[in-house]
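K.L.:
For what it's worth, numbering that gives the first Met the number 0 labels the leading residue of the sequence shown as 0, then goes sequentially.
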Amino acid sequence: MTTATNDDDDTAGVTVGAISGDTNEGGATATFNVRLTSDPTGDVTMALSSSDTGEGTVSPAALTFGSGDSTWNVDQAVTVTGVDDNSIDGDVACTIVTAASSSDGNYNGLAVPDVTVTNDDDDTAGITVGAISGDTDEGGATATFNLRLNADPSHVVTIALSSSDAGEGTVSP
0 MTTATNDDDD
10 TAGVTVGAIS
20 GDTNEGGATA
30 TFNVRLTSDP
40 TGDVTMALSS
50 SDTGEGTVSP
60 AALTFGSGDS
70 TWNVDQAVTV
80 TGVDDNSIDG
90 DVACTIVTAA
100 SSSDGNYNGL
110 AVPDVTVTND
120 DDDTAGITVG
130 AISGDTDEGG
140 ATATFNLRLN
150 ADPSHVVTIA
160 LSSSDAGEGT
170 VSP
């Protein structure tokens with residue numbers, strides 16, 4: 000009589016794919032895939048969150064991999080969307096934080112690699128001058144225009160205004 004033993008070489012694990020690229024403040028997205036390395040004995044939920052929601056958001060907020068079905072080894076896509084912060088802060092990295100929970104003790108609390116993505120900054124310093132409302136005249140007619148900063152400044156900005164010919168017109172805030 001011959002006896003055969005089938006050694007179980009499956010180990011609990013999570014495969015996290017590479018991020019597809021950077022996001023940007025214009026709302027560009029990047030994606031990565033997640034899947035399990037073995038069939039769990041209970042459903043596995045993978046919570047997903049952003050370390051900095053002012054730079055990037057993640058969707059969905061959680062992935063579920065079924066126990067005893069065909070979903071555990073199928074890639075599930077995660078999308079990271081860049082957020083516009085109106086600050087000149089350069090390209091900023093944020094981390095998509097992962098956390099596994101399950102009734103399967105091999106998967107519950109399993110350390111899963113987090114994913115880092117860079118949100119490319121699109122803000123530049125500058126001032127936009129709006130159109131003037133009309134002409135002035137020597138009878139006292141006034142004209143107005145607006146100024147707007149193109150990005151959120153890190154310090155107070157003071158803009159000095161003056162007339163190139165005070166005999167013809169003056170400027171007041």
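Each residue gets a CB set at the ideal place from its N, CA and C atoms; glycine is no exception.
#1: Any idea what DSSP makes of M45, helix, strand or coil?
#2: Going by the DSSP bridge assignment, what does A76 pair with across the sheet?
#3: Would you kindly work out how many angstroms separate the C-alpha atoms of L175 and L35, rounded to a whole number?
#4: Taking the straight line between their C-alpha atoms, what separation do you get for T135 and V170?
#5: Can the beta-carbon of T63 be found closer than 8 Å to that of D38?
#6: Can you tell me the Cα-Cα spacing of D88 and G55, whole angstroms?
#7: Below 7 Å CB to CB, which residues in the same chain sit around T70 once its five sequence neighbours on both sides are set aside?
#8: Starting from the Cα of P206, find the closest Cα among G166, S163, A159, D164 and give me that residue.
#9: Using only CA atoms, which one of S19, A11, A76, M45 lies nearest to A61?
#10: So what does DSSP say about I158, is it helix, strand or coil?
#11: For chain C, find out if any of its Cβ atoms is closer than 8 Å to the Cβ of L146; answer yes or no.
#12: For the candidate residues T1, S153, N118, whose alpha-carbon lies nearest to that of D21?
P.N.:
Walking through what the data contain:
#1: strand
#2: N32
#3: Because residue 175 is not part of the residues shown, which for the chain are 0 to 172, the question remains open.
#4: 11 Å
#5: Annotated as distal: T63 and D38, with beta-carbon spacing of 8 Å or more.
#6: 14 Å
#7: F64
#8: No answer is possible for residue 206: the residues shown for the chain start at 0 and end at 172.
#9: M45
#10: The DSSP-derived three-state label of I158 is coil.
#11: The structure shown has no chain C; it contains just one protein chain.
#12: N118
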